[in-house]
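This report concerns only the one structure given below.
Numbering (my numbering), first residue to last: 5 to 323.
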């Protein structure tokens with residue numbers, strides 16, 4: 005990972021939280037020789053369509069994969085909203101949180117164990133609002149299905165996720181090596197996720213597709229943000245010089261920028277995460293949490309990292 009990051013010089017993250025114009029993104033990407041593929045993160049159906057159509061019209065790199073939350077409990081986006089995109093644009097899915105923030109591990113069935121980040125009511129409400137107890141009960145009902153397959157509930161959830169033909173990969177977290185090895189064993193059960201098994205899961209979860217609720221606040225931000233066309237470029241070209249001063253648009257970026265989107269279910273605080281990054285990846289100079297991580301962090305009483313927003317970076321450089 006370290007050698008790859010050094011070769012890349014920086015890591016781009018394209019997400020709707022960064023209010024960039026779609027045509028800016030798809031035109032910027034081909035100018036970077038180290039970028040071979042483009043993945044979007046939680047973009048809406050219309051935004052994905054726009055990006056693909058613009059890329060095709062201008063003979064540019066088209067996005068090929070969408071990173072969205074997908075699990076037995078979170079299915080609407082992948083199984084309903086974006087369903088036609090997979091065939092039309094040969095799109096794939098990078099599924100994040102396939103264990104639904106740990107609720108599909110089964111560890112909360114007999115009460116929330118102290119030490120896990122869902123131990124506090126504030127944290128549970130921040131993630132699930134009022135769905136926590138309902139999900140725990142459904143997870144308990146899924147355990148017999150896992151037992152019939154000879155696997156754990158977590159392995160069933162991961163295998164079920166990967167068994168979707170549109171899922172290219174799944175992002176899983178692990179608190180230690182043994183947990184990682186346990187999760188990887190889910191690959192042995194993917195072929196056992198038959199239509200009959202899926203039907204049993206559906207009987208428990210009772211998935212009902214529905215149209216997404218429009219995000220009015222996001223539309224207002226996108227329409228009235230003072231500099232929507234420079235945000236992506238500013239973040240993409242950010243690095244530091246030899247004296248650790250922030251530099252925008254350098255010829256040869258010298259530092260990686262890591263976007264810390266969340267800490268999963270490991271219970272690590274922001275300060276712990278930053279310390280691990282500093283020790284393991286010495287060339288990483290900045291860690292930028294995304295806006296969606298802020299409420300979770302505040303609810304858990306964690307210490308906040310330095311926050312560099314786009315306006316601050318522009319002011320530092322006199323732009």
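The C-beta atom is built at its ideal place from N, Cα and C for all residues, glycine as well. For clarity, every value in this text was computed on a predicted model and none was experimentally measured.
request  = Tell me whether residue 178 sits in a helix, a strand or coil according to DSSP, three-state version.
outcome  = Walking along the chain shown from the start, residue 178 turns up at place 174. Here residue 178 sits in coil by DSSP.
Presumed contact (8 Å Cβ cut-off) between residue 98 and residue 172, rounded CB distance = For the purposes of this step, residue 98 is identified with residue 94 of the chain shown, where counting begins at 1. For the purposes of this step, residue 172 is identified with residue 168 of the chain shown, where counting begins at 1. Contact between residue 98 and residue 172 holds, with the beta-carbon distance rounding to 6 Å and staying under 8 Å.
query = Can you tell which of 186, 160, 104 has its C-alpha closest to the C-alpha of residue 194?
reply = Numbered from its first residue, the chain shown carries residue 194 at position 190. A check of alpha carbon separations from residue 194 across 186, 160, 104 identifies 160 as the nearest.
ask   = Can you name, in chain order, every residue of its own chain whose Cβ lies under 7 Å from the Cβ of residue 109, other than the five neighbours on each side?
value = Residue 109 sits at position 105 when you count from the first residue of the chain shown. Cβ within range, chain order: 103, 157, 158.
ask   = What did DSSP end up calling residue 59 once you bin it into helix, strand or coil?
value = Within the chain shown, residue 59 is the residue found at index 55, counting from 1. DSSP places residue 59 in helix when its eight states are reduced to three.
key: Residue(s) in a DSSP beta bridge with residue 173   = Here the question's residue 173 lines up with position 169 in the chain shown. Residue pairing from DSSP places residue 173 in a beta bridge opposite 98.
message = Tell me the residue span of the alpha helix (DSSP H) that contains residue 68.
response = Within the chain shown, the letter at position 64 stands for residue 68. No alpha helix (DSSP H) holds residue 68; the beta strand (DSSP E) holding it covers 67-73.
request  = Taking all protein chains shown into account, decide if residue 176 is buried (16 or more other Cβ within 10 angstroms of its Cβ) or exposed.
outcome  = The residue given as residue 176 occupies position 172 in the chain shown. If you draw a 10 Å sphere on the C-beta of residue 176, you find 16 or more other C-beta atoms in it, and that means buried.
message = Within 10 Å of its beta-carbon, does residue 151 have 16 or more other beta-carbons around it, so buried, or fewer, so exposed?
response = The residue labelled residue 151 in the question sits at position 147 within the chain shown. Classification of residue 151: exposed, given that the 10 Å Cβ count is below 16.
task = Specify the secondary structure class of residue 165 as computed by DSSP and reduced to three states.
result = The count along the chain shown starts at 1 and reaches residue 165 at position 161. In this structure, residue 165 counts as helix in the three-state DSSP scheme.
ask   = Can you name the start and end residues of the alpha helix (DSSP H) that residue 142 belongs to?
value = Along the chain shown, read from residue 1 onward, the residue named residue 142 stands at position 138. Run containing residue 142: 136-153, per the alpha helix (DSSP H) assignment.
request  = Using only the heavy atoms of the ligand NAD, determine whether one of them is closer than 6 Å to the beta carbon of residue 181.
outcome  = Questions concerning the ligand NAD fall outside what the structure shown contains, since it holds no ligand whatsoever.
message = Restricting to Cα atoms, I'd like to know which of 60, 204, 71, 77 is closest to residue 137.
response = Here the question's residue 137 lines up with position 133 in the chain shown. For residue 137, the closest C-alpha among the options 60, 204, 71, 77 is that of 77.
key: Residues near residue 49 in its chain [Cβ-Cβ closer than 8 Å; skip 5 each side]   = Taking the chain shown and counting its residues from 1, the one referred to as residue 49 is at position 45. Close CB contacts of residue 49 within its chain, under the 8 Å cut and outside five residues either way in sequence, are with 85, 86, 89 (chain order).
key: Whole-Å CB distance - residue 155 paired with residue 75, under 8 Å assumed   = Working through the chain shown from its first residue, we reach residue 155 at position 151. Working through the chain shown from its first residue, we reach residue 75 at position 71. Not a contact, Cβ separation roughly 16 Å.
query = residue 55 to residue 169, Cα distance in whole Å?
reply = Sequence index remark: in the chain shown, residue 55 carries index 51 (1-based). Sequence index remark: in the chain shown, residue 169 carries index 165 (1-based). Looking at the two C-alpha atoms, the distance is approximately 23 Å.
request  = Using beta-carbon positions only, say whether residue 202 and residue 153 come within less than 7 Å of one another.
outcome  = For the purposes of this step, residue 202 is taken as residue 198 along the chain shown, with counting starting at 1. For the purposes of this step, residue 153 is taken as residue 149 along the chain shown, with counting starting at 1. The beta carbons of residue 202 and residue 153 sit no closer together than 7 Å.
message = By alpha-carbon positions, which one of 214, 188, 182, 146 ends up nearest to residue 206?
response = The sequence position of residue 206 within the chain shown is 202, counting from 1. Taking residue 206 as reference, the option from 214, 188, 182, 146 with the minimal CA-CA separation is 146.
request  = Kindly list the residues whose CB is nearer than 7 Å to the CB of residue 178, restricted to its own chain and excluding five residues on each side of it in sequence; keep chain order.
outcome  = Within the chain shown, residue 178 is the residue found at index 174, counting from 1. If we look at residue 178 and ignore the five residues flanking it on each side, its Cβ neighbours are 184, 187.
ask   = Which one of 95, 143, 83 has the shortest CA to CA distance from residue 52?
value = Start at 1 with the first residue of the chain shown, and residue 52 comes out as number 48. If we check each option's Cα against that of residue 52, 95 comes out closest.
ask   = Would you say residue 107 and residue 143 are within 7 Å of each other, going by their C-beta atoms?
value = Position 103 of the chain shown holds residue 107. Position 139 of the chain shown holds residue 143. Their beta carbons are under 7 Å apart, which means residue 107 touches residue 143 by this criterion.
request  = In angstroms with no decimal places, state the Cα-to-Cα distance between residue 63 and residue 81.
outcome  = Position 59 of the chain shown, counted from the start, is the residue given in the question as residue 63. Position 77 of the chain shown, counted from the start, is the residue given in the question as residue 81. Rounded to whole angstroms, residue 63 to residue 81 spans 28 Å at the Cα level.
query = By Cβ distance, which residues of its chain are closer than 7 Å to residue 167, with the 5 residues on each side in sequence left out?
reply = If you number the chain shown from 1, residue 167 lands on position 163. Hits under 7 Å: 194, 197.
message = In whole angstroms, give me the CA-to-CA distance for residue 181 and residue 190.
response = One-based indexing of the chain shown puts residue 181 at position 177. One-based indexing of the chain shown puts residue 190 at position 186. Those two C-alpha atoms are separated by around 15 Å.
ask   = By DSSP, does residue 210 sit in helix, in strand, or in coil?
value = Taking the first residue of the chain shown as position 1, residue 210 is located at position 206. Secondary structure of residue 210 (DSSP, three-state): coil.
Proximity to residue 68 [Cα-Cα], best of 83, 93, 213, 105 = As a first step, residue 68 is located in the chain shown; it is residue number 64 there, counting from the start. Relative to the Cα of residue 68, the nearest Cα in the group 83, 93, 213, 105 belongs to 93.
message = What would DSSP say about residue 82, mapped onto helix, strand or coil?
response = The residue labelled residue 82 in the question sits at position 78 within the chain shown. In this structure, residue 82 counts as helix in the three-state DSSP scheme.
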